[in-house]
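4 protein chains.
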Amino acid sequence: MLYFENDYSEGAHPKVLEALTKTNYESLSGYGSDEYCERAKAKIKKACGCDDAEVYFLVGGTQTNQIVIDTMLQPYEGVVAAATGHVNVHEAGAIEFTGHKVLTVPEHDGKMHAEELRDFIETFYNDEAHEHMVFPGMVYISHPTEYGTLYTKEELIKISDVCKQFEIPLFLDGARLGYGVMAKDTNIDIPTIAKYCDVFYIGGTKVGALCGEAVVFTKNNMPKHFTTRVKQHGALLAKGRLLGIQFDTLFTDDLYFKIAKNAIDTAEVLKKGLADKGYKFYLDSPTNQQFIVLENDKLEKLAKGVRYSFWEKYDDTHTVIRFATSWATKMEDVEALIDLL
Amino acid sequence: MLYFENDYSEGAHPKVLEALTKTNYESLSGYGSDEYCERAKAKIKKACGCDDAEVYFLVGGTQTNQIVIDTMLQPYEGVVAAATGHVNVHEAGAIEFTGHKVLTVPEHDGKMHAEELRDFIETFYNDEAHEHMVFPGMVYISHPTEYGTLYTKEELIKISDVCKQFEIPLFLDGARLGYGVMAKDTNIDIPTIAKYCDVFYIGGTKVGALCGEAVVFTKNNMPKHFTTRVKQHGALLAKGRLLGIQFDTLFTDDLYFKIAKNAIDTAEVLKKGLADKGYKFYLDSPTNQQFIVLENDKLEKLAKGVRYSFWEKYDDTHTVIRFATSWATKMEDVEALIDLL
Amino acid sequence: MLYFENDYSEGAHPKVLEALTKTNYESLSGYGSDEYCERAKAKIKKACGCDDAEVYFLVGGTQTNQIVIDTMLQPYEGVVAAATGHVNVHEAGAIEFTGHKVLTVPEHDGKMHAEELRDFIETFYNDEAHEHMVFPGMVYISHPTEYGTLYTKEELIKISDVCKQFEIPLFLDGARLGYGVMAKDTNIDIPTIAKYCDVFYIGGTKVGALCGEAVVFTKNNMPKHFTTRVKQHGALLAKGRLLGIQFDTLFTDDLYFKIAKNAIDTAEVLKKGLADKGYKFYLDSPTNQQFIVLENDKLEKLAKGVRYSFWEKYDDTHTVIRFATSWATKMEDVEALIDLL
Amino acid sequence: MLYFENDYSEGAHPKVLEALTKTNYESLSGYGSDEYCERAKAKIKKACGCDDAEVYFLVGGTQTNQIVIDTMLQPYEGVVAAATGHVNVHEAGAIEFTGHKVLTVPEHDGKMHAEELRDFIETFYNDEAHEHMVFPGMVYISHPTEYGTLYTKEELIKISDVCKQFEIPLFLDGARLGYGVMAKDTNIDIPTIAKYCDVFYIGGTKVGALCGEAVVFTKNNMPKHFTTRVKQHGALLAKGRLLGIQFDTLFTDDLYFKIAKNAIDTAEVLKKGLADKGYKFYLDSPTNQQFIVLENDKLEKLAKGVRYSFWEKYDDTHTVIRFATSWATKMEDVEALIDLL
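Protein sequences appear in the order of chains A, B, C and D. Be aware that the first sequence starts at 1, since it is given in our numbering, and climbs by one per residue. Be aware that the second sequence starts at 1, since it is given in our numbering, and climbs by one per residue. Be aware that the third sequence starts at 1, since it is given in our numbering, and climbs by one per residue. Be aware that the fourth sequence starts at 1, since it is given in our numbering, and climbs by one per residue.
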């Protein structure tokens with residue numbers, strides 16, 4: 001059976017496991033105060049080109065989205081996201097659980113348009129009754145998006161400009177950030193993100209770690225008593241070393257980027273193979289998630305040889321499915337998949 | 001100055017004030033356990049044609065929407081509303097404050113379509129990842145809607161059927177219920193609502209009371225320890241008599257319906273006047289709220305003679321405004337308004 | 001039957017009802033933006049001797065405690081109260097409902113001691129693990145307390161000093177404030193409270209109003225977008241006039257104080273009568289609530305002639321019961337009660 | 001430097017790391033649906049002597065306490081704990097964050113007494129105003145407690161009886177459960193806990209795992225849609241394998257119990273050494289946490305040779321400190337510590 005169901009079906013990059021094993025018997029202080037966390041933070045700050053960034057490690061993506069949004073918003077504020085944004089659709093209401101509304105703007109291949117965002121916020125402030133409504137207090141974008149697409153630098157700057165105009169933070173969900181910055185032809189790297197976003201995270205879970213997301217606050221804006229708030233959300237890890245050691249490894253000798261590139265390389269081959277065989281793409285994704293539109297009667301047969309994700313109904317006779325590559329995908333499996341298709 | 005800004009700009013119907021004054025020095029027990037509350041409940045149950053209904057009095061509309069939704073939903077559930085539903089737009093996030101997402105379906109003149117509702121819920125359950133999403137746990141409709149429109153009995157039954165199919169309650173926001181049931185040509189009365197809805201409320205604030213909404217649970221489904229939960233929401237009134245006496249008065253000799261009819265009668269005259277003068281209606285409303293599309297440069301002049309509500313931008317040169325009549329509107333003021341237009 | 005069960009069993013002072021009736025047909029804007037609210041606020045500010053106070057009207061006591069505490073605390077903070085404080089015992093968890101812990105210090109006849117408060121907060125900050133605990137972010141006192149007792153000015157200043165030392169606000173629950181300031185021999189008046197507290201409220205529900213509490217922020221510290229937050233809590237009253245007109249009346253010609261004095265005068269007579277007849281007081285209360293310790297076998301007989309409150313078990317054979325007077329208590333009823341005892 | 005600061009300062013037992021490494025490239029499904037999770041659950045059910053238990057893996061202790069309490073309580077209920085219970089003191093308000101009050105009973109060496117618990121709940125139900133209070137909806141105990149003490153089987157049964165009497169669940173926090181069941185002279189093993197508790201968890205973080213707690217629902221009482229609720233709390237791990245593989249290893253060949261025994265063996269030697277040298281114990285702990293009362297002026301010198309935990313102030317000149325052993329403690333380090341003392 002070939003596995004292209006998602007980008008979190010294997011464990012961790014071997015170097016991550018080696019580092020955990022090597023440091024195993026060192027007695028380290030808890031809750032992220034150990035030296036590996038410190039080292040990992042320093043390396044991440046460097047990778048961000050942002051010396052005074054503040055870095056905090058959390059365990060998973062939903063948790064990170066929930067905590068960043070809840071702690072950076074005022075209680076009367078909501079977060080603005082594209083309608084397809086992960087926080088709007090696939091977090092089981094984790095944002096609303098903390099009391100905040102997700103406000104939506106239209107999506108275009110998973111992205112929001114700066115103009116529509118500005119229009120949304122201006123309409124809010126122009127409404128005489130806006131005191132009776134939820135204030136737009138933050139903008140959430142994912143990069144890559146839930147559809148594998150990427151913002152251009154120009155698009156990111158425009159969205160950032162809207163946020164500056166209304167003095168609200170821009171938050172970038174980078175659960176798959178490695179795959180975003182290693183895509184071909186992107187003009188967004190991590191320092192660019194650090195420059196234009198107020199907070200973002202570098203996903204580990206989907207890019208070579210057992211678990212872990214590195215949140216980066218770029219504007220001296222980490223919420224006060226952040227550790228207490230993380231604990232209040234039930235998210236403070238006793239053995240913070242587990243996250244520190246992993247990110248220290250991933251950000252040594254560019255490991256994070258090198259292994260992310262594997263997902264792109266294999267995705268590119270898969271994409272070409274799909275195109276050559278005449279498959280219809282749902283949209284053009286430059287990253288590790290590839291979406292195709294398939295006749296419903298072919299779904300079952302395909303499922304015998306490969307695990308993929310059902311994405312959504314396309315029409316009465318077609319379905320959108322997703323193939324995902326990752327840091328762990330072997331080129332031979334891609335080739336086998338193309339043969340199978 | 002003429003006042004058509006809303007339907008809550010006067011105090012209460014004189015008989016309500018008289019009753020409060022007459023009973024003022026009676027020593028009554030607190031928290032809604034007094035005899036006036038009991039009497040009012042009995043009269044409301046009769047008006048609902050539903051002997052085993054459970055009635056509970058709350059102070060205001062947002063409060064009622066928040067409490068009913070929060071107490072009837074499971075924690076992992078959200079409420080489905082039309083995109084223009086009051087709970088989605090104008091409650092300052094009061095629903096999300098209690099941890100629940102508002103899930104939206106398209107609106108059509110303020111109403112939802114049963115087909116789109118069914119499709120929304122079916123799509124949810126067909127999604128393999130629906131465990132990662134918010135469960136649709138209740139349907140919210142308003143009647144009249146935020147645009148003054150009314151469901152037909154057939155539409156209500158269809159929506160009720162969808163709710164029954166998925167075993168979730170149907171909640172009707174009746175903040176302006178009096179104006180709904182007294183509209184011309186409607187085939188929905190309160191017993192019909194009690195039959196097809198699991199919970200609804202009869203608005204007092206906008207129909208002759210100083211404050212107060214009467215929540216009616218129609219299926220022996222009042223949430224357990226409801227008084228405790230109301231108090232937990234900060235909504236338990238010490239002098240419950242204030243609500244009981246008002247509703248006892250409003251439901252004596254059909255006062256509620258008689259005074260609601262005044263809003264309809266005056267709105268009908270206004271509507272005809274607007275039509276005669278060639279104003280463009282934003283939509284056709286059979287109740288006490290009338291929406292017209294006005295050139296922006298006429299807004300200011302109009303504001304000198306009458307208070308109305310800005311509703312929303314129509315296009316770059318036009319605005320939707322609202323005139324509202326109420327139980328207190330005088331026909332002579334309507335005539336003066338028509339002259340002014 | 002005589003009624004001494006509580007201080008909210010009658011309606012409102014007749015002048016309050018007269019004012020509601022007189023203004024009934026005036027068309028006023030909603031949500032507390034009307035002229036009566038403005039007038040009432042001005043009069044209250046004057047009564048507080050605090051020109052730049054900000055006044056906000058809410059409907060009930062639990063609601064007020066919940067909203068003031070939730071909006072003035074940071075999310076990682078709790079409120080410190082005496083163990084018997086209303087917010088710790090009798091609010092059905094309304095404080096925790098908004099995510100905040102009630103931290104407790106010992107009670108002494110319903111009051112906290114400044115020394116124990118300081119010790120509690122110092123212990124917190126001296127704890128190396130305090131990041132894993134709830135920060136003390138506000139101090140809550142009630143005056144009169146739940147046991148009818150009063151702080152002295154010296155005690156209030158000491159508590160205020162602790163709050164200043166740790167830069168946290170002092171909040172005074174004045175649900176029965178009128179009865180506190182009109183007690184004999186108290187050296188605390190409203191301007192004193194306004195001077196030493198950061199926020200407090202003047203209770204209307206228990207002192208002559210149908211409903212309503214006037215929150216006073218004394219240090220330019222009303223939380224940002226307070227109206228939105230009140231609405232988010234489900235507590236924004238459409239007809240804000242209901243509160244404005246009542247407080248405007250109560251603070252005209254010192255009505256609030258005059259009617260509060262009635263509760264004190266009648267309580268003093270009752271207290272003397274109880275003492276003369278040899279009843280054992282549970283504690284010495286200078287206000288409108290009087291607590292006596294009664295043999296259990298006398299409870300039932302007494303209940304035939306007078307409604308009182310069971311307060312708590314004293315020991316296996318005795319119970320603490322409460323008699324409450326109010327603005328509405330008639331001296332003849334007090335005399336009848338004494339005869340009965 | 002010797003390390004006795006806590007029981008989570010090393011990584012994981014080597015066999016745990018080996019298993020993670022060995023399975024690393026297996027493609028497994030996410031969110032705890034993999035075969036290792038299944039296997040681990042089966043082994044844990046067997047260890048519990050409870051075939052129809054339901055097991056769920058979570059990442060950390062605060063998270064587990066928060067989720068179990070929030071999902072098993074009704075919204076109007078609180079959890080009853082000893083005053084020193086972890087959920088009352090050291091969770092940064094994580095319980096209140098989900099809207100629930102922690103109700104407290106007195107503590108005796110970290111434990112609650114069944115009689116005081118019964119009295120607390122009976123007093124609640126006997127109070128005529130209990131509708132205005134938080135309902136006691138669950139009992140929380142920790143075993144070992146925060147002071148290293150253990151309940152006897154007789155004590156556990158008595159508490160369980162109170163819970164049954166009032167039909168509320170008994171929840172046992174087993175963050176250090178391995179150290180509890182391996183203590184000398186305890187008559188409580190895991191099957192006993194499974195029999196008398198409605199839900200409990202087997203701590204991994206402090207007993208040989210990198211992270212992870214295994215929640216066991218023993219009475220077919222896992223809350224409905226539990227995965228969705230876990231995700232809503234931000235606690236659903238994408239790579240559920242990380243937890244499954246660890247617990248599968250720990251519950252193979254009794255590894256969990258064998259390594260827990262090391263903490264007890266080393267603690268016993270330490271305890272004897274402390275006694276021989278005349279140190280004063282704060283209380284008698286039979287598990288891996290040992291508390292002694294030390295003169296303040298000796299604290300600093302001691303800190304030069306060993307890392308320990310400050311626990312609490314004892315009096316003005318003495319402090320309670322804690323030494324903790326663990327699965328990873330070497331006997332030679334214990335001996336070196338005794339020499340040092």
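Beta carbons: idealized from backbone N, C-alpha and C, even for Gly. Every value quoted in this text rests on a predicted model; they were computed, and no experiment measured them.
In the DSSP assignment, PHE310 of chain A falls within the unbroken beta strand (DSSP E) covering 309-315. A straight line joining the alpha-carbon of PHE251 of chain A with that of GLY30 of chain A spans about 21 Å. Residues of chain C whose Cβ lies closer than 9 Å to the Cβ of GLY99 of chain D are, in chain order, GLY93, GLU96, PHE97, THR98, GLY99. Between ILE264 of chain D and PHE281 of chain D, the C-beta gap is not smaller than 8 Å, which leaves the two residues out of contact.
Inclusion of ALA175 of chain A and GLY203 of chain A in the CB contact set at 8 Å is warranted, their separation being smaller than that value. Under the Cβ distance rule, GLN66 of chain D counts among the residues neighbouring chain A, one pair being separated by less than 8 Å.
The beta carbons of GLU10 of chain C and TYR25 of chain B sit closer together than 8 Å.
Secondary structure note for TYR140 of chain A: its beta strand (DSSP E) is the uninterrupted segment 135-142. In the structure shown, the three-state DSSP call for THR325 of chain D is coil. From the beta-carbon of ALA324 of chain D, no residue of chain C is found nearer than 8 Å; the closest lies around 14 Å away.
Any Cβ of chain B closer than 8 Å to the Cβ of THR228 of chain D would place that residue at the interface, and such an atom is present.
For GLU35 of chain A, no beta strand (DSSP E) run applies; the uninterrupted alpha helix (DSSP H) run containing it begins and ends at 35-48, by DSSP. About 7 Å separates the beta carbons of ILE141 of chain D and ILE159 of chain D, which is inside the 8 Å limit, making them a contact pair. For LYS15 of chain B, no Cβ of chain C is located within less than 8 Å of the residue's own Cβ. Residue state for ALA82 of chain D is assigned as strand, using DSSP reduced to three classes. Within chain C, THR62, VAL89, HIS90, GLU91, ALA92 have C-beta atoms less than 9 Å from the C-beta of HIS132 of chain D, given in sequence order. Taking 8 Å as the upper bound on Cβ-Cβ separation, chain D lies near residues TYR3, GLU5, ASN6, TYR8, SER9, GLU10, GLY11, ALA12, PRO14, LEU17, LEU20, THR21, THR23, ASN24, TYR25, GLU26, SER27, LEU28, SER29 of the segment 2-29 of chain A.
A contact is defined here as three or more CB-CB pairs under 8 Å, and the segment 32-50 of chain C meets this definition with respect to the segment 229-247 of chain C.
Contact of TYR76 of chain C with chain D is assigned, a C-beta pair being separated by under 8 Å. Residue pairing for TYR201 of chain D: DSSP places it in a beta bridge opposite D:VAL215. Shown here, THR64 of chain D sits in a helix according to DSSP, grouped into three states. Note that the C-beta distance between LYS45 of chain A and VAL55 of chain A is below 8 Å.
In this structure, the CA atom of TYR3 of chain A is about 27 Å from the CA atom of ALA214 of chain A.
Going by beta carbons, ALA260 of chain B and GLN290 of chain B fall outside the 8 Å limit. Within the DSSP secondary-structure output, VAL102 of chain B pairs in a beta bridge with B:VAL79. At least 8 Å separates the CB of THR252 of chain D from every CB of chain A. Taking 8 Å as the CB threshold, GLU128 of chain A lines the interface with chain B. Residues are counted here when their Cβ sits less than 7 Å from a Cβ of chain A; for the segment 292-311 of chain B these are PHE310, given in chain order. Two segments are said to touch when three or more pairs of C-beta atoms, one from each, lie closer than 8 Å; by this definition the segment 99-118 of chain D touches the segment 67-84 of chain D. Per DSSP, ASP248 of chain A is one residue of the alpha helix (DSSP H) stretching across 241-250. When Cβ pairs closer than 8 Å are counted between the two stretches, the segment 105-124 of chain C is seen not to touch the segment 100-119 of chain D, the count staying below three. CYS211 of chain A has a beta carbon lying within less than 8 Å of a beta carbon in chain D. Under the three-state reduction of DSSP, TYR256 of chain C is assigned to helix. The beta carbon of MET182 of chain C sits closer than 8 Å to those of PHE257, ALA260, LYS261, ALA263, ILE264, all from its chain and outside the five residues before and after it, given in chain order.
Pairing LEU255 of chain B with LYS22 of chain C, the inter-Cα distance amounts to about 21 Å.
Scanning chain D for C-beta atoms nearer than 7 Å to the C-beta of LYS231 of chain B yields HIS132, reported in chain order.
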